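Heads up, the thing below is written out as structure tokens.
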Amino acid sequence: MPQLPLTETLEEGLDELLVDVAPMKAEGEFGTRSLEGFHALVAALLPMPKEQERLAAAILNDVSFFSRIVPFAPKVHVLAEPAILLLLAGNSIARAGEITPGHYVSLDEYAQEKRNPGSIDAPTATPQTLETDSLWQTTGGLVAGAMARIAKNRAEKTLDLRTPSRWGVKAVVLSNLGYSAAALGAGARPQGKTIGLYAGVWAAGVGAAVLAAKSKKVSNDMVPAVILGGAASATTAALASDESVFRSGSIAARGASHGANLLFAAEAMTFARAIVEGSIEAKRHKRNLYSILGAAESSSSFIGHLLLADGLNRR
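One point on numbering: in full-length UniProt numbering, the residue at position 111 of the sequence shown is 111, and numbering is uninterrupted.
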């Protein structure tokens, strides 16, 4: 299938990005982990010219972002945000068994293979097939994530994020269960230091929800929503942080923990928007903060799902 001028231009731009990014090095643990996440994101974007579902999802993410922060733009994010995750779910199935940049051990190796085909023996990771449990578990996580976005957008439309819908909370939990099952199947287990870290963040979130409910900033239903949704997100993040599984493999695998952390952060931003929502009518300037948080949450969710699904399917 011949490429369109748009995808040809995009591929040229991504190739230039690859040349600039592939040789980058970092010092220190924090710098190394940050660079690994950046490389995983680049590896996730490189296939866009050939993976139309992924390209469409990225375009819709940009459209959704500006739909939220530009006051006169149509509210296309209501439809775009769940569509993004459904496109990524379709992408996982449609591209099962294909070798992608994310399957390589480093962007350097991928760049070398691209310059001189056959110079690299084989990518680090083995492509998933339609018979692989991980593929179906991550696809289920993406579909459930789309249902959760529908629930959030419905609540947002009626200015009722302060009262989480039960099916929306269930969708968040199911999404994380799919990802956690895939991580467990890969051999990941929560490590002591990460269990303490994520448990502490989760406990702080529960405490904040209790205080917000007592002060009537959110409904009492927010407390069990944060307990269940936060616990599910924290479990996924803890599993994806298992270095023995996700830092010894492909480029995509090393981005899994970054994706899980972004999804955890997105849930925190939903809670923050619920608190801000209560003062929108009385203080109009809060609407800008509400919109910015919504845009940041939406993009964090897109990148989080993208990196986590790739980290599980292309490890």
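Yeah, the Cβ is synthetic: ideal placement off N, Cα and C, and Gly gets one too. All values reported here derive from a predicted model rather than from experimental measurement.
Do you know whose CA, among N313, L17, A204, lies nearest A268's CA?
A268 has its Cα closest to that of A204, out of N313, L17, A204.
For E11, which residues in the same chain have their Cβ closer than 6 Å to its Cβ, ignoring the five residues on either side in sequence?
Only P49 meet the Cβ criterion.
Three-way DSSP call (helix, strand, coil) for S215 in this model:
Residue state, collapsed to three classes: coil.
Report the residue ranges of all alpha helix (DSSP H) runs contained in full by the stretch 89–133; include only those spanning at least 4 residues, in chain order.
At a cut-off of 4 residues, the continuous stretches assigned as alpha helix (DSSP H) that sit fully inside the stretch 89–133 are 107–115.
Delimiting residues of the alpha helix (DSSP H) encompassing M24
Where M24 is concerned, there is no enclosing alpha helix (DSSP H), because DSSP gives it neither an H nor an E.
Does DSSP put S248 in a helix, a strand or coil?
In this structure, S248 counts as coil in the three-state DSSP scheme.
Mind checking H305: buried by the 16 CB within 10 Å criterion, or exposed?
Under this definition H305 is a buried residue.
Best match in R54, A232, A56, E81 for proximity to S67 [C-alpha to C-alpha]
Taking only the C-alpha atoms, the option nearest S67 is E81.
At the level of alpha carbons, what is the spacing between R154 and K75?
Cα to Cα, the separation comes out at about 12 Å.
Just the C-alpha distance for T270 and I292, rounded to the nearest angstrom, thanks.
Cα to Cα, the separation comes out at about 12 Å.
Go ahead and pull the three-state DSSP assignment for D221.
Collapsing the DSSP output to three states places D221 in coil.
Assign M1 to one of two classes, buried (16 or more other C-beta atoms within 10 Å of its C-beta) or exposed (fewer than that).
For M1, the pLDDT reaches just 45, beneath the cut-off of 50, and the residue's location in the model is therefore unreliable, leaving the point undetermined.
C-alpha gap between K152 and E113, whole angstroms
When rounded, the distance between both Cα atoms is 43 Å.
Give the secondary structure of V70 by DSSP, where H, G and I count as helix, E and B as strand, and everything else as coil.
Coil.
Here's a check: name, in chain order, each residue in its chain whose Cβ is nearer than 6 Å to the Cβ of E36, leaving out the five neighbours to either side.
Result list for E36: R254, in chain order.
Between which two residues does the alpha helix (DSSP H) carrying D310 extend?
Its alpha helix (DSSP H) spans residues 286–313.
Beta-carbon proximity list for K286, same chain, < 7 Å, skipping 5 on both sides:
Taking K286 as the centre and dropping the five residues before and after it, the same chain places the C-beta of V276, S279, I280 closer than 7 Å to its C-beta, in chain order.
Proximity below 8 Å, CB of A43 to CB of P101:
In this structure, A43 lies near P101, with their beta-carbon atoms less than 8 Å apart.
S219 beta carbon less than 8 Å from that of R162:
Yes, the Cβ-Cβ distance between R162 and S219 is below 8 Å.
Would you mind sorting I69 into buried or exposed? The rule is 16 or more other CB atoms within 10 Å of its CB.
I69 should be labelled exposed.
For a test of the three-state rule: what should DSSP assign to residue 316, helix, strand or coil?
Residue 316 lies beyond the range of the chain shown here (1 to 315); nothing can be said about it.
Roughly how many whole angstroms lie between the Cα atoms of G230 and A182?
Rounded to the nearest angstrom, the two C-alpha atoms are 19 Å apart.
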